[in-house]
Amino acid sequence: MSSQSTSDPKQIDLENLELPSSSIALNHASAISSLFLTPREKLPSVNTIEDCVDLIYKSKNIIVLTGAGCSVSCGIPDFRSRDGVYARLRIDFPDLPDPQSMFDIFYFEHDPRPFFKFAKEIYPGQFKPSLSHMFIKNLEQSGRLLRNYTQNIDTLELAAEIKNVIQCHGSFATATCTVCKYKVNSEYIKDKIYQQEIPYCDKCLPNEETPSSGILKPDIVFFGEGLPEEYHNSINDDKNKCDLLIVIGSSLKVKPVANIPHLLPKEIPQILINRESLRHMNFDVELLGDCDVITNEILMRLNQKYGQEHDWSVNCKEKIFLNQIEDLEADRFIFQNPNESETNLNESIDSNYSSKVINKDYLKENSFIYLKPSIYVFHGAEVSIKSMRKKLKKLRNLLNTDFKEELDEDDFDTEDEFSTDDETDEDDDEEEESDDEDQNDDGTCKIGLNSVIDQDEYDEENDEDFRLDDKDSLREENKLS
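Be aware that the sequence shown starts at 6, since it is given in our numbering, and climbs by one per residue.
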């Protein structure tokens, strides 16, 4: 019997896995391969924002995976919040069963009106690209971008003139007739969209088989539809070329795009730029907060160290460096017992401080926190103290550091997070189960829209996590007149 036959059946060579070519087979193969994916281990040699800067400069084939967080500051309407798109649509369309129905192809055939009302709010031409988009464009201009895989459908990558982009969930850039498959660009149906009229196709005439004309449906991926073949072909080639992965503004819950980090060789560094940490992933460096704030800081640091070859700061909104809070002062931010208030740090924490949240008044405007070995907290972060304690404990044990010995146990609340009982394992299991629901058994995409709808449903009153500051004012500034 060969050694191959005695090997673990769950161990497959994902790095050399070749995907089939047909669209249906590609989606089935994606679903099957996702069953064998396991989280990569963090690289112990990549930990700091300085490491990120050096990696970006030295890399030649960077993959950037983007989600809704990349477009938040552009003014793209929020989907699930109390005043979001769905809350408003429920008033006009009380029969709409749930948010996903608006993007279900079968519901669309039954009643396309909710979708087209939403389409008006996000239609191309209303918004400018964010600094995060321009960060990606800067990578491309400097010859470092292999591909931008975007989960968004807002076409802001095209507005930023990013050429090496794959719109994984389609976009509003084109529309196709549901009957005769006649294809048009976004301008063709723009007036109809803004007038809140359903854009019927004028190329196919009603007949006995089709009593009415088809609808010019924007080419976005609806629930139950497979991803474009272009995505599968591209990632099949790119996964072995990539030398750095940067994830910006994505919760990585929507498969198969969420599987990209697992498809890359384990030694390829991975960086997260996002409002919140992702418990189901092991990134080498986590930069948590407003994506524009973080990319601004990275570009400024790139320009300071490597600006002689390329102007990295050309798109920066702020031409200043942020102040870094680190070491014991930073650890107090996470581990300080909220019942104690002897330190100067706690003077800025109000009476509503909870052991599960970070008080938004703590972090000064031009500062960020470095939690060794590899987590940074910027303005705009949504951070759970409890989850962060758990993650830091694991990271520090993994790297065999002596952080815990350096801390004064009298000053820190370690009863919950440094005990042998893991209180959050059950929560993690529930989250993983919900993640699996984002993909059908056949590999088709359940959530195939702007990642703004990929976010967990937000309940302001009951949510334990909250943002360190509010960037809502940027929405109006970035809208095109």
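Idealized CB from N, CA, C, for every residue including glycine.
Next on the checklist: Give me the residue from K271, P266 and I273 with the minimum Cα distance to L283.
Outcome noted: P266
Item to check | Limits of the beta strand (DSSP E) - the one that E291 falls within | outcome: V290 to L293
Next on the checklist: For L101, which residues in the same chain have their Cβ closer than 7 angstroms to its Cβ, ignoring the five residues on either side in sequence?
Outcome noted: Excluding residues within five positions, the ones whose Cβ falls inside 7 angstroms are L94, R95, M107 and P119.
Next on the checklist: Whole angstroms are fine: how far does the CA of K244 sit from the CA of S147?
Outcome noted: 21 angstroms
Item to check | Validate contact between the region 155-163 and the region 67-79 using beta carbons, cut 8 angstroms, 3 pairs | outcome: Contact between the region 155-163 and the region 67-79 is present, because at least three Cβ pairs lie under 8 angstroms.
Item to check | Euclidean distance between Cα positions of I127 and I81 | outcome: If you take the alpha carbons of I127 and I81, they lie about 6 angstroms apart.
Next on the checklist: According to DSSP, is D100 part of a helix, a strand, or is it coil?
Outcome noted: Note: D100 maps to coil in three-state DSSP.
Item to check | Rounded Cβ spacing between Q275 and L250 (contact assumed at less than 8 angstroms) | outcome: 5 angstroms
Checklist entry - Alpha carbon to alpha carbon, what distance is there between E370 and H237? => result 42 angstroms
Checklist entry - Mind checking E230: buried by the 16 CB within 10 Å criterion, or exposed? => result buried
Item to check | Y381 (DSSP reduced to helix, strand or coil) | outcome: For Y381, the secondary structure class from DSSP, reduced to helix, strand or coil, is strand.
Item to check | F98 versus Q201 - alpha carbon distance | outcome: 14 angstroms
Item to check | Whole-angstrom distance between K324 and M305, CA atom to CA atom | outcome: Going by the C-alpha atoms only, they are around 7 angstroms apart.
Checklist entry - Three-state secondary structure (DSSP) at P44? => result Residue state, collapsed to three classes: coil.
Checklist entry - What's the C-alpha gap between L327 and T71? => result Straight-line Cα distance between these residues: approximately 24 angstroms.
Checklist entry - By Cβ distance, which residues of its chain are closer than 8 angstroms to V246, with the 5 residues on each side in sequence left out? => result It should be noted that the sequence gives Lys, not Val, for residue 246. Closer than 8 angstroms at Cβ, skipping near neighbours: N66 and L151.
Item to check | Those runs of the beta strand (DSSP E) which lie wholly inside the region 202-241 and span at least 3 residues | outcome: 221-225
Checklist entry - What first and last residue would you give for the alpha helix (DSSP H) that runs through V58? => result I54 to K63
Checklist entry - Candidates E281, S379, H138 and L400: which alpha carbon is nearest E387's? => result E281
Checklist entry - DSSP on I251, reduced to helix/strand/coil? => result Strand at I251.
Item to check | Helix, strand or coil at L397 [DSSP, three-state] | outcome: helix
Checklist entry - At what residues does the alpha helix (DSSP H) containing K195 begin and finish? => result K195 -> alpha helix (DSSP H) spans S191 to Y199.
Next on the checklist: I'd like the ranges of any beta strand (DSSP E) spanning at least 3 consecutive residues and lying wholly in the region 137-174.
Outcome noted: 150-155 and 170-172
Next on the checklist: Once the 5 residues before and after I273 are set aside, which same chain residues still bring their CB inside 8 angstroms of it?
Outcome noted: C247, D248, L249 and L250
Next on the checklist: Along the chain, where does the alpha helix (DSSP H) containing I127 start, and where does it finish?
Outcome noted: R118 to I127
Next on the checklist: In whole angstroms, give me the CA-to-CA distance for Q172 and V226.
Outcome noted: So the two alpha carbons sit approximately 10 angstroms from each other.
Checklist entry - Roughly how many angstroms lie between the CA atoms of K133 and E166, to the nearest whole one? => result Those two C-alpha atoms are separated by around 12 angstroms.
Checklist entry - Per DSSP, what kind of secondary structure is Y187 in: helix, strand or coil? => result coil
Checklist entry - Rounded to a whole number of angstroms, what is the C-alpha to C-alpha distance between K122 and S135? => result 24 angstroms
Item to check | Same chain, Cβ closer than 6 angstroms to L60, five either side skipped, listed in chain order | outcome: L249 and P274
Checklist entry - Exposed or buried, what is T155 when buried is set at 16 or more other beta-carbons lying within 10 Å of its beta-carbon? => result buried
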